[in-house]
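Asks: To convert, count from 1 in the sequence shown and add 241; that's the numbering used here.
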Amino acid sequence: RHRLVTTKYNPARTWTPENAVGIGGAYLCVYGMEGPGGYQFVGRTVQMWNRWRVTQAFPEGKPWLLRFFDQIRFYPMGAEELLDYRKEFVAGRVALRMEEGVFRLSDYQRFLRDNDASIKDFKQGQQAAFEAERERWRIAGVSETHDAGGAGDADARAAAAQAFEGEVVASQVSGGVWSVLVAVGAEVTAGQALLVIESMKMEITVHAHCAGRIERLLCVEGQSVTAGQPLVLMC
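#1: Let me know if Tyr349 comes out buried or exposed under the rule of 16 or more other beta-carbons within 10 Å of its beta-carbon.
#2: To the nearest angstrom, report how far apart Val331 and Lys364 are at their CA atoms.
#3: What residue does the alpha helix (DSSP H) around Leu324 start on, and which one ends it?
#4: How many Å lie between Gly391 and Ala401 at the Cα?
#5: By alpha-carbon positions, which one of Ala468, Val429 and Gly426 ends up nearest to Ser440?
#6: Is it the case that the Cβ atoms of Leu459 and His448 are separated by a distance below 8 Å?
#7: Helix, strand or coil: which one does DSSP assign to Ile438?
#8: Nearest by alpha-carbon distance to Glu304: which of Gly319, Gln288, Phe310 and Leu245 is it?
#9: Ignoring anything shorter than 4 residues, give me the alpha helix (DSSP H) runs that lie fully in the stretch 356-423, in order along the chain.
#10: Hey, Gly276 and Gly265 are a contact pair by Cβ (cut 8 Å); roughly how many whole angstroms apart?
#11: By DSSP, does Glu301 sit in helix, in strand, or in coil?
#12: Since Gly333 contacts Gln297 with CB under 8 Å, what's their CB separation in whole angstroms?
#13: Taking only three categories from DSSP, how would you classify Arg254?
Here it is in C-alpha cells:
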C-alpha cells in the first residue's frame, strides 16, 4: 500500500497538457482538458473525455470515462506508444480492461481495523518527515512570509481611501498584485489598464473608471489583496 502526499505548484502553471496525471495533497487528478494547474505531475494517461464519438468506454450520454467508486490501475507505456494508443482509444478501436466489482463498506472498515497498527506507524513516520522538512525550510528562511505591501499597513491604506474625495479604484477579486502598470502622477484615460491581479491561475486587469491623474498607489507588486480593497486613488 502506498499513499503519496505532495505540495502543489506555487505559483501555479498557466498551462497543463490534456491527460496529464497529477497529485495535489493526497488527491490524484487526471486533467481532462488543457488548462492551468498546480498538481505535481506523476505521469500521462488516456483520455478522460471523448468529445467526438460514442464508444464502449464512452456510452451515449456519458462522454466521461470514470464513475464513482472506480478503482484505477496504471500500467507503464512508452511515450510514442501512448500517443498511438490514445488515437486508437478515443476512436473506439482499443478497449481498456474493465472489471465489475463490489465495494463493501464493511470489508473496507475491517481492512482498516486489521491494518490499524501499520497505518498508524506510517502516518507517524510521514508526519515526522513533514515536520523535519518544515524545520529545514525554517532554517533556510524559505518558509518566512514577507509583507510586500511597502505602502503602509492595511488600516492606514483603508483610512486614506475612505478620506479621499476623488476616484477610488478597488480590486474586483482576492489575489496577488502581479504587475503595476502606472506610476504616481501619470495621466490616464477611462478604461486604461492600471494593474494586473493574479487570482486562481488567472490574470485580471484592473482598469480606470474614468480619465484622471494617479494620486496614490495603495499596493505594490507581490502584495496580497482582497476583493473590494482600494488599490489606486485618482483625481
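Just so it is clear, CB atoms sit at the ideal spot from N, CA and C, and this is done for glycine as well.
Replies: In short, the structure shows the following:
#1: Against the sequence shown, residue 349 aligns to sequence position 108. With fewer than 16 other Cβ atoms within 10 Å, it is exposed.
#2: Within the sequence shown, the letter at position 90 stands for residue 331. Within the sequence shown, the letter at position 123 stands for residue 364. Going by the C-alpha atoms only, they are around 40 Å apart.
#3: The residue given as residue 324 occupies position 83 in the sequence shown. Segment Ala320 to Val331, the alpha helix (DSSP H) holding Leu324.
#4: On the sequence shown, residue 391 is found 150 positions in, with the first residue counted as 1. On the sequence shown, residue 401 is found 160 positions in, with the first residue counted as 1. Because Gly391 sits at a pLDDT of 48, beneath the cut-off of 50, its placement in the model cannot be relied upon, and the point is left open.
#5: Taking the sequence shown and counting its residues from 1, one reaches residue 440 at position 199. Of the candidates Ala468, Val429 and Gly426, the one whose C-alpha sits nearest the C-alpha of Ser440 is Ala468.
#6: Taking the first residue of the sequence shown as 1, we reach residue 459 at position 218. Taking the first residue of the sequence shown as 1, we reach residue 448 at position 207. For Leu459 and His448, no; Cβs fall outside 8 Å.
#7: As a first step, residue 438 must be located in the sequence shown, where it is residue number 197. Three-state DSSP puts Ile438 in a strand.
#8: As a working mapping, residue 304 is identified with position 63 in the sequence shown. In the sequence as presented, Glu is not what sits at residue 304; that position holds Pro. Considering only alpha carbons, the answer is Gln288.
#9: 357-381 and 395-404
#10: The residue labelled residue 276 in the question sits at position 35 within the sequence shown. The residue labelled residue 265 in the question sits at position 24 within the sequence shown. Actually they do not touch by this definition, with Cβ atoms about 14 Å apart.
#11: The residue given as residue 301 occupies position 60 in the sequence shown. Note: Glu301 maps to coil in three-state DSSP.
#12: The residue given as residue 333 occupies position 92 in the sequence shown. The residue given as residue 297 occupies position 56 in the sequence shown. Contact holds; Cβ gap of about 6 Å.
#13: In the sequence shown, residue 254 corresponds to position 13, counting from 1. Arg254 falls in the strand class under three-state DSSP.
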